[in-house]
Amino acid sequence: MPTHEFSAAENLRFAALAHRLRLTSVLLGVLAVLVVTLAGEALHSLWRAGPAGARFGILGLAGLVLAMVLGVLARWIYRAATSFRAVVDTAGADINHAMTAVRALRQSLRVLEAAAVASLALTVLAVIAHLR
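Using numbering that gives the first Met the number 0, you'd call the opening residue of the sequence shown number 0 and step up by one each time.
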């Protein structure tokens with residue numbers, strides 16, 4: 000299979016994209032840690048309040064699920080960033096690295112899509128429950 004090398008200008012674009020993706024993945028990771036902390040506080044409030052604090056338990060569990068989604072997104076986006084950076088740093092495998100990055104981004108979008116569908120479904124259920 001013939002190899003393709005991207006030009007210097009194209010490599011600059013890949014480098015900039017890799018940098019932005021790494022920054023995004025780190026921010027998502029930090030956000031996941033903060034959400035876990037808040038979820039832990041909500042679950043602790045449930046423990047202190049007993050049955051009257053059930054809403055804290057729901058918030059805590061929702062926070063843990065959100066943190067898990069953020070963590071998975073951070074992981075896949077970081078993988079994409081690493082592959083895009085490899086396009087710049089290596090020679091002879093640019094297309095392979097780019098395709099690996101595209102697959103990682105596709106996985107990120109699948110996770111995000113699943114989270115959006117689940118959130119929409121839960122929102123509809125919450126509205127229905129609130130109207131009763």
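No residue lacks a Cβ here, since even glycine has one placed at the ideal position from N, Cα and C.
- Around the beta-carbon of ASP88, fewer than 16 other beta-carbon atoms lie within 10 Å, marking it exposed.
- Separation of the CB atoms of LEU63 and GLY56 is rounded to 11 Å, and the pair is thereby denied contact status at 8 Å.
- If you check the CB distance, LEU20 and ALA79 come in under 8 Å.
- If you ignore the 5 residues before and after VAL110, its C-beta comes within less than 8 Å of the C-beta of VAL68, VAL71, LEU72 and TRP75, all in its own chain and listed in chain order.
- In the structure shown, PHE5 adopts coil according to DSSP, grouped into three states.
- With respect to VAL35, ALA14 sits apart: the two C-beta atoms are not nearer than 8 Å.
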